[in-house]
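Position one of the sequence shown corresponds to residue 9 (our numbering), numbered consecutively onward.
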Amino acid sequence: MQAKLPVVVIVGRPNVGKSTFYNRIAGRRIAVVEDSPGITRDRLYYEVEWYGYKMQFVDTGGILFGDEDPLVEQIRVQAEVALVEADIVLFMVDIVSGLSAGDQELAHRLRMIKVPVFVLANKADNRKRADFSSEFYELGFENVYPVSGLNGHGVSDLMDAICEHLPKVESLPMVKEEVRLAIVGRPNVGKSSILNAFTGEERSIVSNIPGTTRDAIDTLVQYKGEPFRLIDTAGLRRKGKIQGTVEYYMAMRATQALERAECALVLVDASEGLTDGDKRTMKLSHDEGRALVIAINKWDLKEDVKATGGRLSPLKKDFLKIIHDQVPEVKYAPVCFTSAKESSGLEKVLDHVLMAVDSWNFRIGTGHLNRIIQESTFERPYTSKGKQLRIYFATQVSTRPPTFVLFCNDPDLFHFSYQRYIENCLRKVYPLPGTPLKIIPRARTSKDD
Numbered sequence: 009m010q011a012k013l014p015v016v017v018i019v020g021r022p023n024v025g026k027s028t029f030y031n032r033i034a035g036r037r038i039a040v041v042e043d044s045p046g047i048t049r050d051r052l053y054y055e056v057e058w059y060g061y062k063m064q065f066v067d068t069g070g071i072l073f074g075d076e077d078p079l080v081e082q083i084r085v086q087a088e089v090a091l092v093e094a095d096i097v098l099f100m101v102d103i104v105s106g107l108s109a110g111d112q113e114l115a116h117r118l119r120m121i122k123v124p125v126f127v128l129a130n131k132a133d134n135r136k137r138a139d140f141s142s143e144f145y146e147l148g149f150e151n152v153y154p155v156s157g158l159n160g161h162g163v164s165d166l167m168d169a170i171c172e173h174l175p176k177v178e179s180l181p182m183v184k185e186e187v188r189l190a191i192v193g194r195p196n197v198g199k200s201s202i203l204n205a206f207t208g209e210e211r212s213i214v215s216n217i218p219g220t221t222r223d224a225i226d227t228l229v230q231y232k233g234e235p236f237r238l239i240d241t242a243g244l245r246r247k248g249k250i251q252g253t254v255e256y257y258m259a260m261r262a263t264q265a266l267e268r269a270e271c272a273l274v275l276v277d278a279s280e281g282l283t284d285g286d287k288r289t290m291k292l293s294h295d296e297g298r299a300l301v302i303a304i305n306k307w308d309l310k311e312d313v314k315a316t317g318g319r320l321s322p323l324k325k326d327f328l329k330i331i332h333d334q335v336p337e338v339k340y341a342p343v344c345f346t347s348a349k350e351s352s353g354l355e356k357v358l359d360h361v362l363m364a365v366d367s368w369n370f371r372i373g374t375g376h377l378n379r380i381i382q383e384s385t386f387e388r389p390y391t392s393k394g395k396q397l398r399i400y401f402a403t404q405v406s407t408r409p410p411t412f413v414l415f416c417n418d419p420d421l422f423h424f425s426y427q428r429y430i431e432n433c434l435r436k437v438y439p440l441p442g443t444p445l446k447i448i449p450r451a452r453t454s455k456d457d
């Protein structure tokens, strides 16, 4: 169980510095920051603690009114959805450009909500600029704070004021611990579409333009009584080709999303087949030691999903064989055939995710583990250069993923093919679908060796 944290939402016009301030609060670079407006298009969640108070900060895309651009419309919707969740709203304005008609219009809408609203006069990087913050009292809110997301000026006073409106951690209601699921894949394979299909609402911006999702964003949903934190990510590309660009930071965010997830949902575009980018993404999840589920999305473009249902049709069998032949190290991962457009196969995906996370947390008793290892080595001993590998003792040292140390006479004899054999023997007894297994050979240190 964990505490249900209050939500603090940052809103404002584009390019007033919301993401810079958000990164300042988080203490590290989470939101992508550039000088061009509209870089943050989805809302981002990050847990913050301040002197015994915990809260969830939400960054949103800049709000523009009266613009007919469909992406701008979706950005506005994203911010409005975040406001529904808010316990406190931070209304950010730009102290350098001064009060604008856009600020006035947003203020009019914010006066209708029933939670505290703090006006942040951002870019108050020095005392002279901070003096100009008084003009923003015209917006009609009691609290105006001159702050600087760039150098941190005024942030401590603001956080103290926020905490005055929040309960202490021990007073917060308790909720179930979340299953953290990172949705990863190449650009434009349908990650945001499948996120929206999971939630049943437009939580993530969907567009046919590759790279629309520039940050890793969090969405909370419930499935079979289990809370899921869905982390949608920008599409992964090779870092070397994009270093120093917005796309470089998109890829870095996606990798960081994997690091804080329990399970990766790797999406593949059925219409394009298995690409090198898909294989790299699967291997990245495997190397990070995360539980793994693979979803072949847009399957409705290959065959009638209603006609095939959950059956393994010849087309599905062929696709499955391609994955297992070309990425053999992830054979343990369940493969689901989905269509975000048709909302097909989605429950099966989440069922497999729950099963994969259970496998990821699984522990084998030491006695039973050693019996499996002894029987495996007896059935198929391994010898190299005239020297036989001997495994004296095995123990599981950790979970997430299950990690085993095998004490032996010579770790150099432990060829990767024999490690795979030992893994297969373990999986015959404990299939553990959806999780990698780590096997670490170690020399036994004793006088008998």
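Ideal placement from N, C-alpha and C gives every residue a C-beta, glycine not left out.
Assuming residue 153 contacts residue 127 under a Cβ cut-off of 8 angstroms, what Cβ separation, rounded to an integer in Å, is found between them? 7 angstroms
Buried versus exposed call for residue 309 [16 or more other C-beta atoms within 10 Å across all chains shown]: It is exposed - the Cβ of residue 309 has fewer than 16 other Cβ atoms within 10 Å.
Beta carbon of residue 190, beta carbon of residue 266: below 8 angstroms? yes
Nearer than 7 angstroms: is that true of the beta carbon of residue 283 relative to any heavy atom of the ligand PLP? This structure simply doesn't include the ligand PLP, nor any ligand for that matter.
What is the residue span of the beta strand (DSSP E) that residue 106 lies within? Segment: none, residue 106 is in no beta strand (DSSP E) and carries neither H nor E.
Tell me where the beta strand (DSSP E) around residue 384 begins and ends. Counting along the chain, residue 384 falls outside any beta strand (DSSP E), though it belongs to the alpha helix (DSSP H) covering 374 to 387.
Using a Cβ-Cβ cut-off of 7 angstroms (strictly less than) and excluding sequence neighbours within five positions of residue 162, which residues of its own chain qualify? Contacts found: 132, 153, 154, 155 and 156.
Contact set for residue 378: own chain, Cβ-Cβ below 7 angstroms, skip 5 residues either direction: 401 and 402
On the criterion of 16 or more Cβ atoms from any shown chain inside 10 Å, does residue 303 qualify as buried, or is it exposed? buried
Please tell me whether residue 354 and residue 236 are closer than 8 angstroms, where the distance is taken between their beta carbons. No. Outside cutoff.
Determine the contact status of residue 97 and residue 56, defining contact as a CB-CB distance below 8 angstroms. no
Whole angstroms is fine: what's the gap from residue 429's alpha carbon to residue 325's? Taking the straight line joining both Cα atoms gives about 25 angstroms.
Does the distance from the C-beta atom of residue 362 to that of residue 234 stay below 8 angstroms? Result yes, Cβ atoms of residue 362 and residue 234 sit closer than 8 angstroms.
With the cut-off set at 8 angstroms, would you say residue 238 and residue 203 are in Cβ contact? Contact check for residue 238 against residue 203 passes: the beta carbons are separated by less than 8 angstroms.
Which first and last residues belong to the alpha helix (DSSP H) in which residue 290 is found? 284 to 295 is the extent of the alpha helix (DSSP H) around residue 290.
Nearest by alpha-carbon distance to residue 120: which of 143, 148 and 105 is it? 148
Just reading off the alpha helix (DSSP H) that residue 207 is part of, what are its end residues? 199 to 207
By how many angstroms is the C-alpha of residue 270 removed from the C-alpha of residue 388? If you draw a straight line from the Cα of residue 388 to the Cα of residue 270, it is about 34 angstroms long.
Pairwise C-alpha distance: residue 18 and residue 432: Going by the C-alpha atoms only, they are around 50 angstroms apart.
Considering only their Cβ atoms, is the gap separating residue 404 from residue 371 smaller than 8 angstroms? It is a contact, given that the beta carbons lie within the stated cut-off.
Just the Cα atoms here: how many angstroms apart are residue 103 and residue 185? 40 angstroms
Return the Cβ separation of residue 21 and residue 108 in integer angstroms, given the expectation that the two are a contact with Cβ distance under 8 angstroms. 7 angstroms
Hey, would you say residue 437 sits closer than 8 angstroms to residue 399, going by beta carbons? no
If you reduce the DSSP assignment to three classes, tell me which class residue 432 lands in. helix
Please go through the same chain and pick out, in chain order, the residues whose beta-carbon is closer than 6 angstroms to the beta-carbon of residue 145, but skip the five residues on each side of it. So the list reads 152, once near-sequence residues are dropped.
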